[in-house]
Amino acid sequence: MQNGWEILMSDNEDCCWFRLVPTQMVLEMIVETTGFTGLASILDTAVRSSESRSVPSSRIESVHGKVVHSVGIKPLAVGDVLEIVIYAKQSFKIFIHSDNEFFVPIALIVNHWKKELSITSRKFEDFDYDEKRRIPFVLPSQLLINFEVLKIGWKVTINNDWVMIYEKRMSLAFAHTLSIFGDVMVQTVQLYQYSGLEENEAEYGSYEE
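As numbered in full-length UniProt numbering, residues 1 to 209 make up the sequence shown, in order.
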């Protein structure tokens, strides 16, 4: 357009944006995407894309930031371990949640600026009181994060040395979607199902139902 830009968003939607710089200064257009590799075969293929309308919704994006990765996971059971390997530059969030944003059995939130790590959950509109710690790693760095399902709740392990037990706040029936937000690159996501081997109940809690 003579006075600006016309952006075609779909067959019946467009918008206009007034020109703020001369067109001579527009040297190139960069389209940036974030990829991921190594999804385990037992993960569902409900990967969020620009064309899908699957969770998380635009509403949760507006609150928590850009969704880097979102995938459906098969129903979790006591003893299962969800393993995530990411390269984190700054702040990020990992949610294990239901099909909508109202039920989040567990969320890991890292605030790079406050040097703070929080583990929390949410039911309907309210988050629970957070378990807060100082960040136990430096950024940017590659991180190995495990969410292990215990009978009493969740065992969160970072880089095989930092551990926190988070007591269960709601049923595992709400834990069937994994979403990652923030300035990270997702490398692998794997779900290891409990094999039935005996564990140290004093340390990890009983796996018997």
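C-beta atoms are modelled at their ideal positions from N, C-alpha and C, and glycine is treated no differently. Just so it is clear, the structure is predicted and the values come from calculations on it, not from any experiment.
In the DSSP assignment, what residue or residues form a beta bridge with V184? By one-based count along the sequence shown, residue 184 stands at place 184. Paired residues: A88.
Beta-carbon contacts of F124 that lie in its chain and below 6 angstroms, excluding the five residues immediately before and after: As a first step, residue 124 is located in the sequence shown; it is residue number 124 there, counting from the start. The residues are F102.
Kindly identify the DSSP beta-bridge partner or partners of G72. Position 72 of the sequence shown holds residue 72. The partner list for G72 (beta bridge, DSSP) reads T177.
DSSP state of L150 mapped onto helix, strand, coil: In the sequence shown, the residue the question calls residue 150 occupies position 150. Note: L150 maps to coil in three-state DSSP.
C-alpha gap between I158 and A88, whole angstroms: Residue mapping note: residue 158 aligns to position 158 of the sequence shown, counting from 1. Residue mapping note: residue 88 aligns to position 88 of the sequence shown, counting from 1. Distance between the alpha carbons of I158 and A88 is about 13 angstroms.
When the Cα atoms are used, what is the spatial distance from I145 to L76? Mapped onto the sequence shown, residue 145 falls at position 145. Mapped onto the sequence shown, residue 76 falls at position 76. Each residue's Cα considered, the two are about 17 angstroms apart.
Helix, strand or coil at L172 according to DSSP, with G and I counted as helix: As a first step, residue 172 is located in the sequence shown; it is residue number 172 there, counting from the start. Looking at L172 - three-state DSSP - the assignment turns out to be helix.
Indicate whether V189 and I94 have their beta-carbon atoms separated by less than 8 angstroms. Against the sequence shown, residue 189 aligns to sequence position 189. Against the sequence shown, residue 94 aligns to sequence position 94. No, they are not a contact pair.
What is the rounded straight-line gap between the Cα of I152 and the Cα of S171? Stepping through the sequence shown from its first residue, residue 152 is reached at position 152. Stepping through the sequence shown from its first residue, residue 171 is reached at position 171. Cα to Cα, the separation comes out at about 11 angstroms.
With DSSP as the reference, label P105 as helix, strand or coil. By 1-based counting over the sequence shown, the position of residue 105 is 105. In this structure, P105 counts as strand in the three-state DSSP scheme.
Same chain only: Cβ atoms within 6 angstroms of Y192, ignoring 5 sequence neighbours per side: In the sequence shown, counting from the first residue as 1, residue 192 sits at position 192. Result list for Y192: V81, in chain order.
Of all the options I106, F174, S195, which has the alpha carbon lying nearest to the alpha carbon of D128? Locating residue 128 in the sequence shown gives position 128, counting from the first residue. Minimum Cα distance to D128 is reached at I106.
Hey, how far is the Cα of G79 from the Cα of V149? As a first step, residue 79 is located in the sequence shown; it is residue number 79 there, counting from the start. As a first step, residue 149 is located in the sequence shown; it is residue number 149 there, counting from the start. Going from the Cα of G79 to the Cα of V149 covers about 5 angstroms.
Would you report the Cα separation of D183 and Q142, rounded to the nearest angstrom? For this step, residue 183 is matched to residue 183 along the sequence shown. For this step, residue 142 is matched to residue 142 along the sequence shown. Whole-angstrom Cα-Cα distance: 12 angstroms.
Quick one: measure Cβ to Cβ for S118 and D130, integer angstroms, because I've assumed they're closer than 8 angstroms. Residue numbering aside, residue 118 sits at position 118 when the sequence shown is read from its first letter. Residue numbering aside, residue 130 sits at position 130 when the sequence shown is read from its first letter. Rounded, the Cβ-Cβ distance is 4 angstroms, consistent with contact.
May I ask you to report which of helix, strand or coil DSSP gives V67? Numbered from its first residue, the sequence shown carries residue 67 at position 67. In this structure, V67 counts as strand in the three-state DSSP scheme.
Outcome for A175 when other beta-carbon atoms lying within 10 angstroms are tallied against a minimum of 16: Taking the first residue of the sequence shown as 1, we reach residue 175 at position 175. Result: buried.
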